[in-house]
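Below you'll find the structure, written out as structure tokens, and then a few comments.
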Amino acid sequence: MNPIAINLTLPAQVISFLLLVFILSKVAWKPLMKIMEDRRQFIADSLAQAEREREQAEQLKREYQEEMRKARQEAQEVIAKATKLSEERANEILAKAREEAEKLKQSALVDIERERDRAIADVQAQVSAMSVAVAEKIIRQKLDLRGQEQLIEQFIQEVGDMPC
Amino acid sequence: MHEETVLWHVFGMSLNAKTLVMTWIVMGIILIIALLGVRKLSSKTPGKMQNFLEWVFDFVSKLISDNMSYEKGRPLLAYLVTLIMFVFFSNMLGLVPNLTFNLFEHFHVEFAELNKIFEGPSLMSPTADINTTLALALLTITLVIAMGVKHHGGRYFHHFLEPNPAFLLIHVIDMASKPMTLGFRLFGNIFAGEVLLKVILMLPGIWVLPGIIPDVIWLGFSIFVGAIQSFVFTVLTTAYVAQAVAAGDH
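One line per chain: the protein sequences are A and B, in this order.
If you count by my numbering, then the first sequence holds residues 8 to 171, one letter each, in order.
If you count by my numbering, then the second sequence holds residues 3 to 252, one letter each, in order.
If you want it as structure tokens, here you go:
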């Protein structure tokens with residue numbers, strides 16, 4: 008037998024093999040490749056999603072940090088403002104207190120002045136009264152008869168001189 | 003050992019019956035494997051058979067992307083996967099013992115000469131027939147030309163005249179030698195393996211236990227050769243197509 012004998016088997020084998028390729032492509036390879044492609048796509052999607060989520064997380068973290076920083080700054084500002092305000096208030100209160108004290112002092116001084124004037128006036132009045140009284144007494148003592156004549160004379164003189 | 007080739011006659015032409023029957027067996031095996039693999043397709047929890055098929059696909063995809071841009075080679079994937087599986091299982095079939103135990107002969111089943119087809123100690127590789135290997139090689143060269151025309155149009159044939167029209171003869175010989183070397187390499191390896199297997203089985207002393215050792219060694223080596231040859235056939239097909247696709251790109 009000659010092992011190298013080419014006959015109708017050759018086209019038969021061509022047809023057989025093409026048939027096999029056709030059937031397998033239709034029945035098996037197509038769905039299998041689709042599944043493999045699906046998986047590739049799924050993995051690629053998952054990776055992309057993971058990357059996206061990582062970026063989002065990073066973004067969130069940045070935002071939080073920024074917010075934290077801002078909040079801290081604001082707190083600092085609030086504290087500073089409050090301190091300033093309280094100082095101002097304290098100063099204001101002190102100034103007011105001082106002013107009031109000053110006012111009180113002034114009115115007290117005025118009162119004192121007035122009282123002193125009054126006291127002086129009183130004293131003057133009493134002194135004059137007492138002077139009159141003393142004078143009266145002295146005059147009463149000194150006015151004796153010897154002197155009366157002259158006095159009366161003088162008095163009448165004076166009255167007579169008065170223009171009526 | 004003097005088997006005569008079993009022939010079927012169709013329209014006055016002859017067909018190698020044994021080759022055809024073995025081819026159909028191989029086709030059946032591959033179909034069963036493929037169907038088992040895609041029976042419960044899943045992209046998340048692939049079964050064992052699906053894993054095997056995906057491994058084959060990844061293997062062949064890597065061959066393609068090593069040789070040419072994957073986008074251009076992608077339409078070939080189904081063909082090349084079928085090719086490597088077909089050649090591999092064909093090479094293996096010749097090593098499988100004849101498990102029909104000559105029952106066809108015993109019951110005188112003479113329909114389509116099945117009794118003669120299933121005789122002998124082992125089955126036969128379809129690739130141990132020059133018709134099969136040449137058929138595959140011709141398909142390869144057709145694919146090469148088709149891909150060349152697809153990617154370069156009529157300009158593809160222009161490369162036969164480069165760098166000088168005088169090189170036309172060399173290009174034609176180059177083109178013709180491709181399918182011939184492809185076909186004869188595979189045929190020679192597998193046919194020689196089968197012949198030697200039959201010769202070893204005719205050794206005296208094969209029926210005592212240590213006598214099977216040469217047979218075992220040769221079977222193991224044949225598995226190796228069969229796997230290598232299926233790989234080589236696919237790689238060369240890919241390389242030839244890559245050449246045709248890349249021709250004129252430079």
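Glycine included, each C-beta is placed from N, C-alpha and C at the ideal position.
Opening and closing residue of the alpha helix (DSSP H) in which residue i lies
| i | result |
| --- | --- |
| B/V12 | Run containing B/V12: none in the alpha helix (DSSP H); it sits in the beta strand (DSSP E), L9 to V12. |
| A/S114 | K37 to K149 |
| A/K33 | A/K33 -> no alpha helix (DSSP H), and no H or E assigned at all. |
| B/N133 | I132 to H154 |
| B/N117 | L116 to I119 |
| B/F159 | R157 to H160 |
| B/I215 | I215 to A248 |
Three-state secondary structure (DSSP) of residue i
| i | result |
| --- | --- |
| B/N166 | coil |
| B/S45 | coil |
| B/S71 | coil |
| B/P99 | strand |
| B/M126 | coil |
| B/M15 | strand |
| A/I13 | coil |
| B/V111 | coil |
| B/L205 | coil |
| B/M87 | helix |
| B/M51 | helix |
| B/K64 | helix |
| A/V166 | helix |
| B/V210 | coil |
| B/N93 | helix |
| B/N104 | coil |
Buried or exposed (CB count within 10 angstroms, at least 16 for buried), residue i
| i | result |
| --- | --- |
| B/V28 | buried |
| A/F49 | exposed |
| A/T16 | buried |
| B/K20 | buried |
| B/Q338 | Residue 338 of chain B lies beyond the range of chain B shown here (3 to 252); nothing can be said about it. |
| A/W36 | buried |
| B/M3 | In this prediction, B/M3 scores a pLDDT of 38, lower than 50, which makes its location untrustworthy; no coordinate-derived value is stated. |
| B/G222 | exposed |
| A/P38 | exposed |
| A/E62 | exposed |
| B/P181 | buried |
| B/L65 | buried |
| B/F113 | exposed |
| B/P165 | exposed |
| A/Q20 | buried |
| A/Q133 | exposed |
| B/P128 | buried |
Candidates the options: closest to residue i by CA position
| i | options | result |
| --- | --- | --- |
| A/I22 | B/N53, B/V8, B/E73 and B/L140 | B/L140 |
| B/S16 | A/A12, A/A57, A/K41 and A/R61 | A/A12 |
| B/V234 | B/H160, B/T25 and B/M87 | B/M87 |
| B/F109 | B/G150, B/V98 and B/E121 | B/E121 |
| B/E73 | B/H153, B/A194, B/N191 and B/V201 | B/H153 |
| B/I192 | B/S71, B/S45, B/N93 and B/I202 | B/N93 |
| A/P10 | B/I119, B/N18 and B/H11 | B/N18 |
| B/M24 | B/E56, B/A130, B/F13 and B/L37 | B/A130 |
| B/V243 | B/D217, B/V227 and B/S67 | B/S67 |
| B/I147 | B/E115, B/T84 and B/V247 | B/V247 |
| A/M43 | B/I202, B/A36 and B/L43 | B/L43 |
Closer than 7 Å: residue i CB and nearest the ligand ATP heavy atom
| i | result |
| --- | --- |
| A/L92 | Only the bare structure without any ligand can be found here, which leaves the ligand ATP out of the picture. |
Quiz item: Should the region 179-193 of chain B be called in touch with the region 128-144 of chain B, which here means at least 3 C-beta pairs below 8 Å?
Solution: yes
Quiz item: Looking at C-beta atoms only, is the number of pairs between the region 97-110 of chain B and the region 49-68 of chain B that lie closer than 8 Å three or more?
Solution: no
Practice problem: Could you tell me whether the region 59-77 of chain B touches the region 158-171 of chain B, using the rule of 3 or more Cβ pairs below 8 Å? | Solution: no
Practice problem: May I ask you to verify whether the region 146-160 of chain B touches the region 205-214 of chain B, counting CB pairs closer than 8 Å and requiring at least 3? | Solution: no
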